[in-house]
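Taken in sequence, the protein lines are chains A and B.
Residues in the first sequence are numbered from 957 upward in steps of one, following the working numbering.
Residues in the second sequence are numbered from 957 upward in steps of one, following the working numbering.
In this text, a Cβ means the ideal position worked out from N, Cα and C, and glycines have one as well.
Comments concern the structure below.
Number of protein chains: 2
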Amino acid sequence: MTTGTLTKPDQIAAELCAAVDRNFDDQIAFLSRMVQFRSLRGHEAPQQHWLAEQFAKRRYDVDAFSLADVNLMSHPKAAPMDGIDLAGSQQVVATLNSKGSGRSLILQGHIDVVPEGPADLWDQPPFSGAVQDGWMFGRGAQDMKAGVSAMIFALDAIRDAGYAPAGRIHLQTVTEEESTGNGALSTLMRGYRADACLIPEPTGHTLTRAQVGAVWFRLRVRGTPVHVAYSEAGSSAILSAMHLVRAFQDYTKALNARALDNSWFRNVKNPIKFNVGIIKGGDWASSTAAWCELDCRLGLLPGETPRQAMRGIEECLTEAHKADEFLSGNPAELVWSGFQADAAVCEPGSEAEAALSAAHHSVFQAPMQERLSTAVNDTRYYCVDYGIPALCYGPYGVGPHAFNERVELDSLRKTTQSIALFVANWCGVMRA
Amino acid sequence: MTTGTLTKPDQIAAELCAAVDRNFDDQIAFLSRMVQFRSLRGHEAPQQHWLAEQFAKRRYDVDAFSLADVNLMSHPKAAPMDGIDLAGSQQVVATLNSKGSGRSLILQGHIDVVPEGPADLWDQPPFSGAVQDGWMFGRGAQDMKAGVSAMIFALDAIRDAGYAPAGRIHLQTVTEEESTGNGALSTLMRGYRADACLIPEPTGHTLTRAQVGAVWFRLRVRGTPVHVAYSEAGSSAILSAMHLVRAFQDYTKALNARALDNSWFRNVKNPIKFNVGIIKGGDWASSTAAWCELDCRLGLLPGETPRQAMRGIEECLTEAHKADEFLSGNPAELVWSGFQADAAVCEPGSEAEAALSAAHHSVFQAPMQERLSTAVNDTRYYCVDYGIPALCYGPYGVGPHAFNERVELDSLRKTTQSIALFVANWCGVMRA
């Protein structure tokens, strides 16, 4: 922790924590407003425009651009967008330049959220941002708008305590984290780099030591529609789709058996998850279904590339076709529909991790724990593709992608303090 | 065959057949125009308006009314309409009154068609009504617009041969045959009755001796959505739906084992068909699905009522719930979504059947064969509920509910002749 004055590090930490506390009511209101944006995929722009305004008010240099403004699909790690308009997918990078000589930092969070599902199964309206018993509820409250508020209000606390970061900071809000990762990738293609990156996904104040990758794929199954009266003469695409689901369930079991040898995930039970998240098929109750589409996700572990996982998916599908009389002559079409995400490891021993660990200890008075994640996050581009140490660490919440998703507000407060101290540790701070 | 003159029956038959032949190019054009109406459920009105005009041109008394014009849902055999607007579901009854004292007749056909499915899997556009190699192609060409054209042009032939039916005829075009049967039921509720009814469904010139009933139901399955990373903590409505499908497949096997004792269907292999025709579920590839809906159809045999079949469906579902940890605490919702159709038997020995059999023999020079149908048709209301002998007999075609549905035109011509002769046999004809 460097400073232009003789202020002691412990005193700075105390001042930053106090500033976070003073601003916390504002932070709660800010987060609640964020949750009220229904920023589903393809509908993130209003939220991003609002955030760009918030950054401009803070006198940060704001670069708002879309995925159409970078040559996205030229990048080998760009994932297929499946009908989403590139120009509508807005990214915001707010830059705080510094007169200091400290290390630079990217603070990044995604503001896209997954669909809320049937609203009547929520206890609160899913985009209320309501606070109850110390929790804020709503789709995205946990994953990961709370983290976005933490990185913004960590910088506010530094300013309000009378300091400025001694290194350049890019504060980045991105889209597509839940589907491709192309939002994060686009900021790198736009040219933003730093000496480290922190992404405050809701990790419950743990550091994500290793994370799986994932591949999305769609299976387009055909059938031979006939009147149900003669169903033996036809073939139901829905029943064929069920056959394929069973084949991928069996394949996933085999993958998880092999995972017992994985150096990072061997102690995690069934770390590779297969999911059929969306199914649509057929037009009429009394006709065998002419078509059925399945939207699927399969994980992969460190040590395997997305390309290898995709070859495995192709082979599983080929074998499943062979085992079915109709499908062997009428194979399902395989479409790569999103994620082709690398697994990633946060290599132990980085200075960035040490700076975060110290900050965490100051706030929580306990060592920072680590976790292994069976979900992807955007740090992978930094550590796998661009050689930038990247830390995934954020607040505690419950129910990502679930009904009654919520974040614990006291955890959010402490995480914001922890991030403020991390910035001070990593970049250094100067008297403003 | 009665007539006001001394014309011999064989000569009348020859005259009627010749008149059908003379008009047949017009009939093909008429049928092609009918096929070009995309009269899917809820979208039948333009076709019905056009038919009402055609009947008015022929100077028939036209009664056009909708399902909202009868007290439909008061009838114990009315089936749930599942969101379809009653007022939009138009029926047309064209009446030819007669000065003669012959028997009266209802000629009825449905003009609703099932969805065509993916159009690119048809060799012709699905609503082209194109003719090729003696067949007319298109959704509804076979099921059952060809039959509708046959009943209309059979009466045209009688007129053009210089005769008039000696009994009152109601020429009825109805909706909802493919989903509830409420269109046919509404004509009876409107007050139309006759001494017999003929419905020219595409039976390949066979008489439908017995037919199954059917029940439609929807299963609304819930899940517990979670991020796929923690899929064990959630529950996928799609996988639960697959469990229910397997349960109904097993149940159907048991029903078909019992069907070996059925007096009508014991020689038909697996006469009871279960079908999942539509499936929809989930919102996101990386979330366990929060919901899944299945639209299903299950047949029933003569000797069982729809109510009994519905109780069986409820029991199957209850047992399937018990066998699944999640569903036992979160049972699927069961919605009756359409058909609650009686099975029916065309009791042998009726005078109407004898009249049709004689007409068939005159045209085809062979005895009329009979068939057992694993599909429902609208004759059930007449024979089961209103004590009116009802015959299901019509042209030959291929592919009901399938791609490249088509009707054989020479079969249609002969069937039209057969129906014209049946009208002459049943009602009698008089010199016009």
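About 20 angstroms separates the Cβ atoms of A/PRO1323 and A/PRO1158, ruling out a contact at the 8 angstroms cut-off. A/ALA1331 is positioned such that its CB atom lies closer than 9 angstroms to that of A/GLN1167. Secondary structure remark: continuous alpha helix (DSSP H) runs of at least 4 residues inside the stretch 1235-1301 of chain B, in chain order: 1262-1278, 1281-1285. With respect to chain B, the C-beta atom of A/GLU1188 has a partner C-beta closer than 9 angstroms. Within chain A, MET1198, VAL1201 have C-beta atoms less than 7 angstroms from the C-beta of B/MET1198, given in sequence order.
The beta carbon of B/LEU1175 does not come within 9 angstroms of any beta carbon belonging to chain A, so the residue lies off that interface. Within the stretch 1122-1189 of chain B, complete beta strand (DSSP E) segments of at least 3 residues are found at 1125-1130, 1153-1155, 1163-1167, 1169-1178, given in chain order. For A/ARG1267, no Cβ of chain B is located within less than 9 angstroms of the residue's own Cβ. In this structure, the beta-carbon distance from B/SER1374 to B/TYR1349 falls below 9 angstroms. The beta carbon of A/CYS1248 sits closer than 9 angstroms to some beta carbon of chain B. By alpha-carbon distance to B/GLN1064, the top candidate from B/ALA1050, B/GLY1056, B/PRO1071 is B/ALA1050. At a cut-off of 9 angstroms, the C-beta of B/VAL991 has no neighbouring C-beta in chain A. The shortest C-alpha to C-alpha distance from B/ALA1346 to any of B/PRO1002, B/SER1306, B/TYR1119 is the one to B/SER1306. From the beta-carbon of B/PRO1356, the residues of chain A found nearer than 7 angstroms are HIS1183.
Under the DSSP assignment, A/MET1324 falls outside any beta strand (DSSP E); it carries neither an H nor an E label. Where B/HIS1005 is concerned, there is no enclosing beta strand (DSSP E), although the alpha helix (DSSP H) around it starts and stops at 1001-1013. Look at the stretch 1327-1384 of chain B and you find these whole runs of alpha helix (DSSP H), each 4 residues long or longer: 1365-1383. For B/GLN1046, the enclosing beta strand (DSSP E) covers residues 1046-1052. In the DSSP assignment, B/MET1386 forms a beta bridge with B/ALA1120. Here the alpha carbons of B/MET1092 and B/ALA1120 stand approximately 30 angstroms from one another. Around A/GLN1088, the same chain offers GLN1080 as residues with beta carbons nearer than 8 angstroms, after the five sequence neighbours per side are excluded. Taking 8 angstroms as the cut-off between beta carbons, none of the residues of the stretch 1136-1154 of chain B comes near chain A. As the crow flies, the alpha-carbon of B/GLY1123 is around 29 angstroms from that of B/ARG1327. Residue pairing by DSSP places B/SER1022 opposite B/GLN1046 in a beta bridge. A/THR1164 sits buried, since 16 or more C-beta atoms from the chains shown fall within 10 Å of its C-beta. Not a single CB atom of chain A sits nearer than 9 angstroms to the CB of B/LEU1377. CA-CA distance, A/ASP1038 to A/ALA970, rounds to 48 angstroms. In the DSSP assignment, the residues bridged to B/HIS1066 are B/VAL1130. Proximity of B/VAL1363 to chain A, defined by a Cβ-Cβ separation below 9 angstroms, is not satisfied. DSSP, reduced to helix, strand and coil, places B/SER1196 within a helical segment of the structure shown. Burial is judged here by how many other beta carbons sit within 10 angstroms of a residue's own beta carbon; B/SER1219 has fewer than 16 and is exposed. The closest CA to that of A/PHE1021, considering only A/THR1129, A/VAL1104, A/ASN1053, is found on A/THR1129. Annotation: A/SER1084 has no Cβ neighbours in chain B at a cutoff of 9 angstroms; minimum Cβ distance is about 18 angstroms. The beta carbon of B/SER988 lies closer than 6 angstroms to those of GLY1085 in the same chain, with the five residues before and after it left out. By the criterion of a C-beta distance shorter than 8 angstroms, A/MET1198 is surrounded by no residue of its chain, once the five residues flanking it on both sides are discounted. Its chain contains THR1164, GLN1167 as the residues whose beta carbon lies nearer than 6 angstroms to that of A/SER1329, once the 5 sequence neighbours on both sides are disregarded; these appear in chain order.
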